[in-house]
Structure formats: C-alpha cells, structure tokens
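Numbering (this note's numbering), first residue to last: 40 to 442.
All residues carry an ideal CB built from backbone N, CA and C; glycine is no exception.
What you are looking at is a predicted structure, and each value in this text was computed from that prediction instead of being measured.
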Amino acid sequence: MSVSRLFQIGPTPTLIVRNVSGNLSVSGWDRPEVQVRTRGEAEDLRIEENIEALTIFCEEDLWLRVPVQSTLTIEKAEANVSINLLLGSLRIGSVEGNVSLHSVSAVEIDHIEGNLTARLVAGDLHVHVVEGSVQIGKAAGDVQLDKIEGNLGLEEIGGDIQARVEGSARVRTPLAPGQQCIVQAEGNILCEVPRDVGAVFSLKAEGTIRVTDLGENHKVVAGEIVFEREPAQARLTLMAEGNIHLRGVQLRPIDEKEFVSTIEEELTLRAAELTQQISEQIEAQVHELARQLDSRLAQLNVDETLSVSIQERIQAAMRRAEERLTEALRRMEQRTQEREGRRRKGGWPSSPTPAAPSAPSRPKSSPLTEEERMMILRMVEQGKLSVDQAEQLLAALSGGKQG
C-alpha cells in the first residue's frame with residue numbers, strides 16, 4: 040500500500056522530520072506545496088501541521104517533495120538519507136546509514152554512522168562526527184569536519200577548510216586569496232594546489248614529507264617544512280601521522296564571485312533536470328490513474344458520455360500540471376539570465392545556459408458537476424476507489440489541490 044498527502048504550505052516553509060524508521064529521500068521543486076509519500080500503512084505516517092512548521096513521523100521509507108527554499112530539520116533517520124535541491128538551511132541530527140547531499144545550501148550535521156557524500160554546496164558545511172568516509176566536491180562556503188573516522192576527499196572548496204581525519208585525506212583546493220586550509224590526519228595526506236598559487240605552507244608529518252611541482256622541491260623524513268610563495272594570500276597547514284605529499288597541478292585559482300556564480304548555474308541546471316523528471320512522473324501517474332478509472336467505470340456500467348467527460352478532465356489536469364512545470368522552467372531561465380546580466384556588468388566571464396520553452400496560456404477548466412462528484416463518492420462507498428485515490432481524482436478534475 041502507498042500513502043500520499045499534499046499540503047499547500049507556501050514557498051518558504053519550515054519542515055521537521057522527527058523520526059524516519061526507513062530511508063528518507065527529499066527533493067526540492069518550484070511549487071509552494073509539500074508532497075509526503077510512504078509505502079507503508081496510513082498508521083505508519085503521522086503529520087502535525089501548525090502555523091510554525093510541518094512535523095512528520097514515519098515508521099517506513101519516506102519520500103518528500105518540498106519547496107526549494109524550505110528550511111528542513113531531520114532529527115533522526117534509521118537508514119539512508121538523500122537530499123536533492125534544497126536551498127534553505129538544512130539541519131541533520133542522527134543518521135544510522137549514509138547521507139547523500141546534492142545541490143544544497145547551508146548544512147549542519149551532528150552524527151552519521153555511515154558515509155557522507157556532498158556535491159554543489161552553496162553555503163557552509165559543518166559536520167561533527169562521521170563514522171565512515173567523506174567525499175565533498177564543489178562547496179562555496181566554509182567546510183568544517185570535526186571528526187571523520189574514515190577517509191576524506193575534498194575538491195574545489197571555496198571557503199576555509201578545517202578537518203580532523205582518523206584515516207587518510209586527499210585534498211584538491213584552489214587556495215583562493217584569504218583562504219585557510221587546516222587538515223589533520225592519522226593516515227597519509229595528498230594535497231594538490233595550483234602550481235602558481237601564492238600562500239604560506241606549513242607541513243608536519245611523522246612519515247615522509249614531499250613537495251613537488253611548486254617551483255621548489257622538498258623532501259624531509261619525520262619533520263616539518265614551512266615555506267612561503269608570493270603573493271602569500273592564503274595559508275595551508277597539513278599535519279599527518281603518516282606521509283604528506285604536496286604537489287602543484289594545473290588548477291586555476293578561482294575568483295570567489297566566479298566560483299559562487301558557477302555553483303548557481305549548476306544548481307539551475309540541476310533544478311531543470313529534476314523538474315523534467317517530475318514532469319515525466321506526473322504524466323505516468325495521471326496515465327495510470329486514467330487507466331484504473333477507465334477499468335472501474337466499465338465495471339460499473341457508467342454512462343459513456345459521463346465517462347468520456349471525466350477522461351477529458353483528467354487529460355486537461357495533466358496538461359495543466361505540465362504547464363505549471365514549463366512555467367517553473369521559464370522562471371529558472373529568467374533568473375539565470377538576470378544573473379548573467381549582472382556578471383557581464385561586473386566583468387565576469389559568461390557561460391551558456393539552457394533555454395527553456397515559454398509557458399503556453401493555461402486553459403480554463405469548467406467546474407466539477409454534482410453528478411460527477413456523486414459518482415466518485417459512490418465508487419468510494421463500493422470500494423472501487425480508495426479515499427486517497429478519490430482525493431487525487433477530485434483535485435485533478437477540479438484543477439485544484441486537496442491537502
């Protein structure tokens with residue numbers, strides 16, 4: 040059985056997930072609604088709605104679609120957590136499985152028993168404890184990792200870095216002006232920086248320290264190396280109980296404004312991809328609902344004219360859903376073009392953005408007739424439709440939402 044509920048909640052809601060006994064998947068969308076879905080029974084899902092927040096308890100796997108600018112708190116998840124496209128703040132308490140973050144803003148996490156992967160982080164990322172390994176790629180803000188019991192991989196971090204790792208670490212950083220990077224590891228550290236970067240370097244290891252392809256080469260066993268390259272506008276500190284290898288690579292130093300703008304563009308592309316996926320899912324769901332309804336209408340020997348009328352309304356509802364998604368794409372394209380204009384004025388390099396189709400005008404829908412409404416209610420009484428299916432059908436035929 041599947042339970043699905045839809046809440047009209049506005050574009051910037053506060054959401055709290057108190058406990059999820061299974062996996063949790065959260066995806067952002069450009070709609071002022073929250074969709075809550077689980078494969079469990081109705082009693083497995085409890086939702087409390089008040090003026091301050093929407094609070095959710097679930098004893099099974101849970102899927103959420105939320106407004107992109109939602110503020111989300113996840114207090115406890117007993118399996119894996121996946122977050123896609125959430126630009127409000129994100130707070131995670133305890134997770135017994137793995138955590139995957141993609142296209143998020145500011146994030147704070149207390150405790151993860153599994154691994155953490157994060158890509159496209161537009162704000163700061165602060166993680167207290169991860170019992171597994173951590174992989175982070177493209178973060179515009181500061182990254183603070185208090186305790187990582189596994190290995191660490193960091194790539195393209197725009198803000199300051201502070202990390203303590205019980206395993207080994209691999210760090211690839213642009214060392215932008217003003218950036219500070221401090222990594223401590225009980226294993227080995229491999230760090231890659233731009234060959235022509237200017238910074239103060241401090242390296243200390245119980246094993247071997249090697250510095251290569253940075254204009255000067257160094258090799259020290261069980262010791263410390265401190266050197267400076269002009270202009271020294273950043274600072275890198277590495278400490279390891281194993282070996283350290285610092286090497287220069289072809290990695291262009293990143294301007295902060297350009298770096299943030301690049302992340303915004305990737306977030307826009309990600310939003311367009313998710314919107315397209317949602318459009319395809321809506322179409323599939325509406326077609327399946329129409330098929331089931333057609334079968335039940337035939338079993339009930341409903342008047343053919345009435346049956347055709349209902350089918351036409353379902354198709355019209357599907358078109359309206361597609362038009363809303365097209366409008367969302369158009370708004371995203373407009374925001375991207377506005378950012379591009381600001382970048383040109385600031386002298387930043389431009390980059391191509393995908394074109395979205397303009398939204399067609401929305402057709403007006405005629406009101407639901409009393410005969411159609413009574414027929415749906417009779418189908419519920421006879422067990423031909425569940426209450427959830429009836430709510431979805433009434434919402435589709437009315438062109439509105441049942442929350």
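- prompt: Would you report the Cα separation of Gln201 and Cys220, rounded to the nearest angstrom?
  reply: Translated into positions along the sequence shown, residue 201 becomes position 162. Translated into positions along the sequence shown, residue 220 becomes position 181. C-alpha separation (whole angstroms): 6 Å.
Backbone secondary structure at Glu114 - three-state DSSP:
If you number the sequence shown from 1, residue 114 lands on position 75. Of the three classes helix, strand and coil, the one that applies to Glu114 here is strand, per DSSP.
query = Which same chain residues, not among the five before or five after Lys186, have their C-beta less than 6 Å away from its C-beta?
reply = Position 147 of the sequence shown, counted from the start, is the residue given in the question as residue 186. Within the same chain, and ignoring the five residues on either side of Lys186 in sequence, the residues whose Cβ sits closer than 6 Å to its Cβ are Val168, Arg203.
Quiz item: Which value, in whole angstroms, describes the spacing of the CA atoms of Ser60 and Ile264?
Solution: One-based indexing of the sequence shown puts residue 60 at position 21. One-based indexing of the sequence shown puts residue 264 at position 225. Their backbone Cα atoms lie some 50 Å apart in a straight line.
Using a Cβ-Cβ cut-off of 7 Å (strictly less than) and excluding sequence neighbours within five positions of Phe266, which residues of its own chain qualify? As a working mapping, residue 266 is identified with position 227 in the sequence shown. The answer, listed in chain order, is Phe240.
### Task
Please look up how many angstroms separate the CB atoms of Leu125 and Val65, rounded, as I've assumed it's under 8 Å.
For the purposes of this step, residue 125 is taken as residue 86 along the sequence shown, with counting starting at 1. For the purposes of this step, residue 65 is taken as residue 26 along the sequence shown, with counting starting at 1. Leu125 to Val65, Cβ: 7 Å. Contact.
inquiry  = Can you tell me whether Arg104 is buried or exposed? The criterion is at least 16 other CB atoms within 10 Å of its CB, across all chains shown.
reply    = Position 65 of the sequence shown, counted from the start, is the residue given in the question as residue 104. Buried.
- [ ] Tell me whether Ala145 sits in a helix, a strand or coil according to DSSP, three-state version.
- [x] The sequence position of residue 145 within the sequence shown is 106, counting from 1. Ala145: coil per DSSP, three-state reduction.
Next item on the list: Would you mind sorting Pro50 into buried or exposed? The rule is 16 or more other CB atoms within 10 Å of its CB.
Entry: Residue numbering aside, residue 50 sits at position 11 when the sequence shown is read from its first letter. Within 10 angstroms of the beta-carbon of Pro50 lie fewer than 16 other beta-carbons, which makes it exposed.
Worksheet item: Within this structure, are the beta carbons of Val160 and Val146 separated by less than 9 Å?
Response: On the sequence shown, position 121 is the one that residue 160 refers to. On the sequence shown, position 107 is the one that residue 146 refers to. Against a cut-off of 9 Å, the Cβ pair of Val146 and Val160 comes out as a contact.
Ile90 classed as buried or exposed, judged by whether at least 16 other C-beta atoms fall within 10 angstroms:
Translated into the one-based positions of the sequence shown, residue 90 becomes position 51. Burial call: exposed.
ask   = Hey, Ile248 and Gly262 are a contact pair by Cβ (cut 8 Å); roughly how many whole angstroms apart?
value = Locating residue 248 in the sequence shown gives position 209, counting from the first residue. Locating residue 262 in the sequence shown gives position 223, counting from the first residue. That pair is a contact at about 7 Å.
- Item | Residue of Gly198, Gly206, Glu114, Ile113 minimising C-alpha distance to Thr12 | The first residue shown for the chain is 40 and the last is 442, placing residue 12 beyond what the model contains.
With Gly192 as the anchor, note down where its beta strand (DSSP E) starts and where it stops.
Here residue 192 corresponds to residue number 153 of the sequence shown, with the count starting at 1. Run containing Gly192: 191–196, per the beta strand (DSSP E) assignment.
- request: Indicate the three-state DSSP secondary structure (helix, strand or coil) for Ala92 in the structure shown.
  value: Translated into positions along the sequence shown, residue 92 becomes position 53. Here Ala92 sits in coil by DSSP.
Quick one: any contact between the segment 106–115 and the segment 82–89, if contact means 3 or more CB pairs under 8 Å? Result no; under three Cβ-Cβ pairs closer than 8 Å.
query: Given Lys403, which residues of its chain have a CB within under 6 Å of its CB, disregarding the five upstream and five downstream residues?
result: Here the question's residue 403 lines up with position 364 in the sequence shown. In this prediction, Lys403 has a pLDDT of 41, which is less than 50 and means its spatial position is unreliable; what the coordinates show is noted afterwards. Cβ neighbours of Lys403 beyond the five flanking positions: none.
- prompt: Buried or exposed: which applies to Ala394, given that a residue is buried once 16 or more other Cβ atoms fall within 10 Å of its Cβ?
  reply: Sequence index remark: in the sequence shown, residue 394 carries index 355 (1-based). Confidence at Ala394 is low in this model, with a pLDDT of 37, below 50, so the placement of that residue should be treated as unreliable; the coordinate-derived value is given next. Flag for Ala394 reads exposed.
Output the distance between the C-alpha atoms of Ala116 and Leu275, rounded to the nearest integer angstrom. As a first step, residue 116 is located in the sequence shown; it is residue number 77 there, counting from the start. As a first step, residue 275 is located in the sequence shown; it is residue number 236 there, counting from the start. Near 36 Å, if we compare the C-alpha coordinates of Leu275 and Ala116.
Keeping to the same chain, check which residues put their C-beta closer than 6 Å to that of Val288; ignore five residues upstream and five downstream.
The count along the sequence shown starts at 1 and reaches residue 288 at position 249. Within the same chain, Glu231 come within 6 Å of Val288 by CB-CB distance, once the 5 residues on both sides are set aside.
**Asked** Would Val56 be called buried (16 or more neighbouring beta carbons within 10 Å of its own) or exposed?
**Response** In the sequence shown, residue 56 corresponds to position 17, counting from 1. So Val56 ends up on the buried side.
Reduced DSSP secondary structure (H/G/I, E/B, other) of Glu82
Here residue 82 refers to the residue found at position 43 of the sequence shown. DSSP places Glu82 within a helical segment (H, G or I) once states are collapsed to three.
Does the ligand ATP have a heavy atom nearer than 8 Å to the CB of Glu205? Although the ligand ATP was asked about, the structure shown includes no ligands whatsoever.
### Query
Grouping DSSP H, G and I as helix and E and B as strand, with all else coil, what is Ser43?
Looking up residue 43 in the sequence shown gives position 4. Taken through DSSP and simplified to helix, strand or coil, Ser43 comes out as strand.
Check: When you compare only the Cα positions, how much space is there between Gln183 and Val166?
Finding: The count along the sequence shown starts at 1 and reaches residue 183 at position 144. The count along the sequence shown starts at 1 and reaches residue 166 at position 127. A direct Cα-to-Cα measurement between Gln183 and Val166 gives close to 6 Å.
* Kindly list the residues whose CB is nearer than 8 Å to the CB of Asn282, restricted to its own chain and excluding five residues on each side of it in sequence; keep chain order. => Residue 282 sits at position 243 when you count from the first residue of the sequence shown. When the five nearest sequence neighbours on each side are left out, the beta carbons in the same chain lying within less than 8 Å of the beta carbon of Asn282 are those of Asn227, Ile228, Ala244, Gly246, Thr247, Ile248, Arg249, in order along the chain.
Are the beta-carbon atoms belonging to Leu214 and Ala238 less than 9 Å from one another? Taking the first residue of the sequence shown as position 1, residue 214 is located at position 175. Taking the first residue of the sequence shown as position 1, residue 238 is located at position 199. Going by beta carbons, Leu214 and Ala238 fall inside the 9 Å limit.
**Study point:** Per DSSP, cross-strand counterpart(s) of Pro233
**Key:** Within the sequence shown, the letter at position 194 stands for residue 233. Listed as beta-bridge partners of Pro233 by DSSP are Val288.
Provide the residue(s) that pair with Arg57 in DSSP beta bridges, ordered along the chain. The residue given as residue 57 occupies position 18 in the sequence shown. Note: Arg57 sits in no beta bridge, so no partner.
### Message
Going by C-alpha to C-alpha distance, which of Leu285, Ala224, Gly162 sits closest to Gly254?
### Response
Translated into the one-based positions of the sequence shown, residue 254 becomes position 215. That would be Leu285, whose Cα lies nearest to the Cα of Gly254.
Handout entry: Cβ-based burial, Val260 [other Cβ within 10 Å; buried from 16]
Key = Here residue 260 is taken as the residue at index 221 of the sequence shown, counted from 1. Exposed, by the Cβ-count rule.
Requested in this report: Taking all protein chains shown into account, decide if Ser41 is buried (16 or more other Cβ within 10 angstroms of its Cβ) or exposed.
Outcome: As a first step, residue 41 is located in the sequence shown; it is residue number 2 there, counting from the start. It is exposed - the Cβ of Ser41 has fewer than 16 other Cβ atoms within 10 Å.
### Backbone CA spacing between Pro233 and Arg44 [nearest angstrom]
Your numbering for residue 233 matches position 194 in the sequence shown. Your numbering for residue 44 matches position 5 in the sequence shown. The alpha-carbon atoms of Pro233 and Arg44 are separated by roughly 51 Å.
- Can you give the Cα-Cα distance for Gly192 and Leu54, rounded to whole angstroms? Taking the sequence shown and counting its residues from 1, one reaches residue 192 at position 153. Taking the sequence shown and counting its residues from 1, one reaches residue 54 at position 15. Gly192 and Leu54 have their alpha carbons spaced roughly 31 Å apart.
* Asked: First and last residue of the beta strand (DSSP E) that includes Pro106?
  -> As a first step, residue 106 is located in the sequence shown; it is residue number 67 there, counting from the start. 101–106 is the extent of the beta strand (DSSP E) around Pro106.
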